Amino acid sequence: MKADIRVALVGNPNTGKSTLFNALTGLNQKIGNFPGVTVDKKIGYSQLPDGRRAEIIDLPGTYSLYPKSKDESIVFSVLAEKNTELTPDLVVVIIDATNLKRNLLLYTQVADLKIPVIIALNMMDQAKKAKIEIDVELLSQRLGVPIVPVSARKLEGIEQLKNIISYANKFALQQDSIDVKAIAPQIIASISSEFKTDNPYVALQLAHQHETLKFLTPAQSDRIEELEKEYSFHSQKAQASETIARYNYINDVLYDTVHTPVTAHDESISNKIDKILTHRVFGFIIFMSVLLFMFQSIFAWSAYPMSLIEDLFVWIEGGLRHVLPGGPLADLLIDGVVAGLSGVMVFIPQIAILFAFISILEDTGYMSRVTFMMDKIMRKVGLNGKSVVPLIGGFACAVPSIMSTRTIENWKDRMITIMVTPLVACSARLPVYTLLISLVVPHKNVWWIFNLQGLALTGMYVLSLLSAVIVAYVMKFVLKARERGYFIMELPVYRMPRWNNVLFSMYERSKTFVLQAGKVIIAVSVILWVLSSYGPGDRFKKIEQTYSQPKYTKTMTPDSLARVISTEKLENSYAGVLGHTIEPVIKPLGFDWKIGIALITSFAAREVFVGTMATIYSVDGDADRIDSVQDKMRNAKNPNTGGPVFTLGVAFSLMMFYAFAMQCASTVAVVYRETKDWRWPAAQFAYMTVLAYGAAFLAYHLLK
Numbered sequence: 001m002k003a004d005i006r007v008a009l010v011g012n013p014n015t016g017k018s019t020l021f022n023a024l025t026g027l028n029q030k031i032g033n034f035p036g037v038t039v040d041k042k043i044g045y046s047q048l049p050d051g052r053r054a055e056i057i058d059l060p061g062t063y064s065l066y067p068k069s070k071d072e073s074i075v076f077s078v079l080a081e082k083n084t085e086l087t088p089d090l091v092v093v094i095i096d097a098t099n100l101k102r103n104l105l106l107y108t109q110v111a112d113l114k115i116p117v118i119i120a121l122n123m124m125d126q127a128k129k130a131k132i133e134i135d136v137e138l139l140s141q142r143l144g145v146p147i148v149p150v151s152a153r154k155l156e157g158i159e160q161l162k163n164i165i166s167y168a169n170k171f172a173l174q175q176d177s178i179d180v181k182a183i184a185p186q187i188i189a190s191i192s193s194e195f196k197t198d199n200p201y202v203a204l205q206l207a208h209q210h211e212t213l214k215f216l217t218p219a220q221s222d223r224i225e226e227l228e229k230e231y232s233f234h235s236q237k238a239q240a241s242e243t244i245a246r247y248n249y250i251n252d253v254l255y256d257t258v259h260t261p262v263t264a265h266d267e268s269i270s271n272k273i274d275k276i277l278t279h280r281v282f283g284f285i286i287f288m289s290v291l292l293f294m295f296q297s298i299f300a301w302s303a304y305p306m307s308l309i310e311d312l313f314v315w316i317e318g319g320l321r322h323v324l325p326g327g328p329l330a331d332l333l334i335d336g337v338v339a340g341l342s343g344v345m346v347f348i349p350q351i352a353i354l355f356a357f358i359s360i361l362e363d364t365g366y367m368s369r370v371t372f373m374m375d376k377i378m379r380k381v382g383l384n385g386k387s388v389v390p391l392i393g394g395f396a397c398a399v400p401s402i403m404s405t406r407t408i409e410n411w412k413d414r415m416i417t418i419m420v421t422p423l424v425a426c427s428a429r430l431p432v433y434t435l436l437i438s439l440v441v442p443h444k445n446v447w448w449i450f451n452l453q454g455l456a457l458t459g460m461y462v463l464s465l466l467s468a469v470i471v472a473y474v475m476k477f478v479l480k481a482r483e484r485g486y487f488i489m490e491l492p493v494y495r496m497p498r499w500n501n502v503l504f505s506m507y508e509r510s511k512t513f514v515l516q517a518g519k520v521i522i523a524v525s526v527i528l529w530v531l532s533s534y535g536p537g538d539r540f541k542k543i544e545q546t547y548s549q550p551k552y553t554k555t556m557t558p559d560s561l562a563r564v565i566s567t568e569k570l571e572n573s574y575a576g577v578l579g580h581t582i583e584p585v586i587k588p589l590g591f592d593w594k595i596g597i598a599l600i601t602s603f604a605a606r607e608v609f610v611g612t613m614a615t616i617y618s619v620d621g622d623a624d625r626i627d628s629v630q631d632k633m634r635n636a637k638n639p640n641t642g643g644p645v646f647t648l649g650v651a652f653s654l655m656m657f658y659a660f661a662m663q664c665a666s667t668v669a670v671v672y673r674e675t676k677d678w679r680w681p682a683a684q685f686a687y688m689t690v691l692a693y694g695a696a697f698l699a700y701h702l703l704k
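Using the UniProt record's numbering, read the sequence shown as starting at 1 and increasing by one per residue.
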């Protein structure tokens, strides 16, 4: 159903904009991307008191219309471009009642674009607690705009705001806050004339932002560049002049409308807490404790629901096998589509728990402190203070961790974080490491307290972190970006988390993952099933004819015969042929064609390696039992040497390969989803494959 009025929500970070968006729209919302960029576009719908339906657009948080990140550049683009599916009829500027002076800067800029504006004066409960007295009626008169006091967290003032939105087209446009033409009269006049705009502030913003605006053609951008040179226009000087003029206006408005006590109560408490939480020693100890708790919780709390999801899909697969007639279509549905879907759904508990923690840390105000503490350290290696959480979350799963990089405003810092996060040892690598270490590392203690196998496993995790830091440092010099790495971080007062917001964040991220990344994962799973289930020519038919002879049927049990036939078919399938094809390439790493098949099939998920090994070596009993896989792999013989296949060199070569290789369709899918450009996951896959090959080659030849 088409909306009757389109409303854009604009505001500084930490003003409660997302909370107000949720309060206005409830569950009636959807998430996509703004055209041409990877920035989240949140659109919801709200029923107004007069019966009309309002479309609410939640624009990215920004301190001013002068952007310092790709997210922030969206705001002016949406507000300035006319007659598009996103052009708003009305703008609601959300202002923090406890920080009016800073928040009003953005309001005056938006107001000068001459779009009808309403101010939602949020956090009124906090302002009262801080004993800040605001004459709302007088402030409304001075600004010439309707002001609605609200407390979005408590759902106070929401209905009044909907009422005001209903009458938006009956309000006169707000008055000018400054004389915009006086800032750069010549270039404003020229742009206004050539680009047919009667709004001097739009013309000024075109001069500032023409290089990043999608609605300008290259020729138009070049023309504005010529005008800049002709009139010696200096963007930074013009911004400074404008900001000073606006704050002079804001100071005059606030002088007789707002009375603020000398010390705000909440801020004083926050400052006392900050002395501990941002302490140069205790702050890091507390932060590491929080991360340890979060890391352990992701593993511990997700284990049971993940097990339930796995059991559910096992039950579904069993039910389908019982109901559907045997044949290729049934196998495709069960082993391809359903198996692929289970690979998507099983990640949901980890995604939900990680984003619940991130939402809680952000809502309480602690995340701002973490990024503040870590920025100086992380910046030395080309990362950002906000890169800490994705990297630590990578120990559980790279998929939700890469999704969480959206909190990083700077494009270069975010891209480096996305590119190195898959290097961190995720939980999917754990079964591979455990299996291989148990094969070649003795189970004994060193220095009485340290287990040798445990030390080997710890070494793999430490290696993953070191490799991520080193690669980030290299990429710091490889990636080029025009935008500067500003670090402007507001430290909001501490507050209790908004549990509705936490639950909503869990729901949104889980849904986004299933709908977006899931499509690619299922497609890859189906392709892998086809490659493993079919072979060229009549190879499969000949295998069945061979093993139907009495010398096999009478001497082997039905289960053993089925496993042998399955192994033969796997070797002769397209995946098996591919394994033999790549054998010359992987032979220098100590790998044979069977390991080659495992490398191919485990692209969907690294832990598939264990199951593939079980199938290839025809393990007796349950293929999921790690000990039975170990026994068979330990007894596997190299046909050329007569020795064991999995020597110390081969095992560590494999671990190094899995430590660095991008063996995860989910991660590839989510990197594409976050960047909207296949070149990024392709480059990531290429550099990680090169690293994996090099590390595996060195490990094999040093240890063989």
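Glycine residues also receive a C-beta, built at the ideal position from the N, C-alpha and C atoms. Because the structure is a prediction, the values reported are computed rather than measured.
R379 lies in the alpha helix (DSSP H); which residues open and close that run?
Per DSSP, R379 belongs to the alpha helix (DSSP H) from Y366 to R379.
Cβ atoms of M475 and G393: under 8 Å apart, would you say?
Taking 8 Å as the Cβ cut-off, G393 and M475 do not qualify as a contacting pair.
Have a look at Y433 and G535 and give me their C-alpha separation to the nearest angstrom.
Going by the C-alpha atoms only, they are around 31 Å apart.
What does the alpha-carbon distance come out to for the pair N384 and D375?
Distance between the alpha carbons of N384 and D375 is about 5 Å.
Compare the beta carbon distance of V136 and I118 with 8 Å and say whether it is the shorter of the two.
Taking 8 Å as the Cβ cut-off, V136 and I118 do not qualify as a contacting pair.
State the start and end residues of the unbroken beta strand (DSSP E) segment that holds I118.
Element bounds for I118: V117 to N122.
If you compare alpha carbons, which of Q174, E159, A240 and M367 is closest to P13?
The option with the nearest alpha carbon to P13 is M367.
Sorted by chain position, which residues of the same chain lie with C-beta nearer than 6 Å to I351's C-beta, five sequence neighbours on each side aside?
Around I351: P400, R509, S510 and F513.
Could you round the C-beta distance between G649 and L703 to whole angstroms and report it? I think they count as a contact, below 8 Å.
With a Cβ gap of about 4 Å, G649 and L703 count as contacting.
Examine the Cβ distances between the stretch 409–417 and the stretch 430–446 and report whether three or more of them are shorter than 8 Å.
They do not touch, by the three-pair rule.
Considering only residues of the stretch 387–447, which uninterrupted alpha helix (DSSP H) runs meet the minimum length of 4 residues and lie entirely inside it, listed in chain order?
388–393, 398–403, 411–420 and 430–440, all fully within the stretch 387–447.
If we call anything under 8 Å between Cβ atoms a contact, is I95 one with L65?
Not a contact, by the Cβ cut-off of 8 Å.
Between residue 726 and R563, what straight-line distance do the alpha-carbon atoms span, to the nearest angstrom?
Nothing in the structure corresponds to residue 726, since the chain is present only between 1 and 704.
Going by CA-CA distance only, name the one from E583, I132 and M506 that's closest to N99.
Checked all of E583, I132 and M506; the closest Cα to N99 is I132.
Determine which residues share a DSSP beta bridge with H259 and list them.
E133, per the DSSP bridge assignment.
For L9, which residues does DSSP report across the bridge?
Paired residues: D58 and V92.
Can you tell me which of P328, L354, A472 and F357 puts its alpha carbon nearest to the alpha carbon of R379?
When only C-alpha atoms are compared, the closest one is A472.
Compare the Cα-Cα distances from Y687 to each of H701, D592 and V420 and report the closest residue.
Checked all of H701, D592 and V420; the closest Cα to Y687 is V420.
Quick one: grab the DSSP three-state call for K42.
K42 falls in the strand class under three-state DSSP.
Identify whether E156 lies in helix, strand or coil by the three-state DSSP scheme.
Strand, per DSSP.
Going by C-alpha to C-alpha distance, which of F293, A682 and P200 sits closest to L361?
Nearest C-alpha to L361: F293.
DSSP puts N451 in a beta bridge; with which residues?
For N451, which the question treats as bridged, DSSP gives the partners N445.
Whose C-alpha, out of L104, K162 and A696, is nearest the C-alpha of L139?
Per the Cα distances, L104.
CB L106 to CB N199, shorter than 8 Å?
No, they are not a contact pair.
Are there 16 or more other CB atoms within 10 angstroms of the CB of R679, so buried, or fewer, so exposed?
Per the 10 Å Cβ criterion, exposed.
Kindly list the residues whose CB is nearer than 6 Å to the CB of A245, restricted to its own chain and excluding five residues on each side of it in sequence; keep chain order.
Counting only Cβ-Cβ distances below 6 Å, and skipping sequence neighbours, we find I178.
Pick out whichever of G596, P349 and L691 has its Cα sitting closest to the Cα of A661.
Nearest C-alpha to A661: L691.
Leaving aside the five residues before and after S166 along the sequence, list all residues of the same chain whose C-beta is less than 6 Å from its C-beta, in chain order.
Correct list, in chain order: L48, P49 and D50.
Under 8 Å Cβ to Cβ from Q239, same chain only, skipping five residues before and after it: list those, please.
Excluding residues within five positions, the ones whose Cβ falls inside 8 Å are Y66 and H208.
Can you tell me whether R53 is helix, strand or coil according to DSSP?
Strand, per DSSP.
Quick check on this structure: which residue in I316, F357 and V388 has the alpha carbon closest to the alpha carbon of L503?
For the residues I316, F357 and V388, the minimum Cα distance to L503 belongs to F357.
Taking the C-alpha atoms as reference points, what is the distance between C397 and V78?
Spanning the two alpha carbons is a distance of roughly 35 Å.
Which residue's Cα is closest to the Cα of T260: Q126, L455, L578 and I416?
It is Q126 whose Cα lies nearest to the Cα of T260.
Just how far apart, CA to CA, sit A54 and Q684?
Taking the straight line joining both Cα atoms gives about 42 Å.
Which term fits R153, buried or exposed, when burial requires 16 or more other beta carbons within 10 angstroms of its beta carbon?
Classification of R153: buried, given that the 10 Å Cβ count is 16 or more.
For the putative contact between I74 and L59, defined by C-beta atoms under 8 Å, what is the C-beta separation to the nearest angstrom?
At roughly 6 Å, the Cβ-Cβ gap stays under 8 Å, so I74 and L59 are in contact.
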